[in-house]
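Numbering (the numbering used here), first residue to last: 190 to 317.
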């Protein structure tokens with residue numbers, strides 16, 4: 190165990206007492222330069238495609254189409270080869286979908302219209 194050793198020397202100068210850092214919720218805390226109200230929070234979490242698929246189990250083409258229509262948060266490039274989504278935006282999208290689903294705003298389709306098929310056309314049973 191190290192013992193506290195106090196050395197005094199004629200050349201030593203006394204250090205000023207340490208300034209205390211303002212606590213959150215105090216006036217001085219908001220005045221700190223790193224917590225400027227004009228800048229967004231410095232620690233925004235981003236997620237890559239693999240993480241996105243764990244949260245939103247949709248196909249890549251479905252997500253891409255929804256992004257193009259403005260129905261899903263847009264991806265952005267961190268680097269020329271790394272594409273990410275803002276986790277907060279994705280979570281807000283999920284919450285909005287959950288609320289609209291519970292309120293009945295999202296309706297499920299009855300199924301595909303088989304009369305529009307190009308292959309294996311539906312036989313008109315009533316006319317035969």
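Ideal Cβ placement from N, Cα and C applies to all residues, glycine included.
Buried or exposed by the 16-neighbour rule on C-beta atoms within 10 Å, applied to residue i
i: residue 310; result: exposed
i: residue 241; result: buried
i: residue 132; result: One cannot answer for residue 132 here, as it falls past the ends of the chain, which runs 190 to 317.
i: residue 295; result: exposed
i: residue 265; result: exposed
Cβ-Cβ separation, residue j to residue i (assumed contact under 8 Å), whole Å
i: residue 277; j: residue 233; result: 7 Å
i: residue 262; j: residue 275; result: 6 Å
Straight-line gap, residue i to residue j (C-alpha atoms, nearest Å)
i: residue 312; j: residue 245; result: 39 Å
i: residue 301; j: residue 282; result: 26 Å
i: residue 247; j: residue 298; result: 17 Å
i: residue 258; j: residue 286; result: 16 Å
i: residue 255; j: residue 214; result: 41 Å
i: residue 280; j: residue 209; result: 37 Å
i: residue 305; j: residue 251; result: 21 Å
i: residue 267; j: residue 239; result: 15 Å
i: residue 284; j: residue 243; result: 16 Å
i: residue 260; j: residue 216; result: 41 Å
i: residue 293; j: residue 253; result: 25 Å
i: residue 272; j: residue 307; result: 37 Å
i: residue 270; j: residue 290; result: 35 Å
Any chance you could list the beta strand (DSSP E) runs of at least 3 consecutive residues sitting entirely within the segment 266 to 299, in chain order? Whole beta strand (DSSP E) segments, 3+ residues: 272 to 275.
Whole alpha helix (DSSP H) runs in the segment 238 to 262 with 4 or more residues, listed along the chain? Runs found: 238 to 244, 249 to 257.
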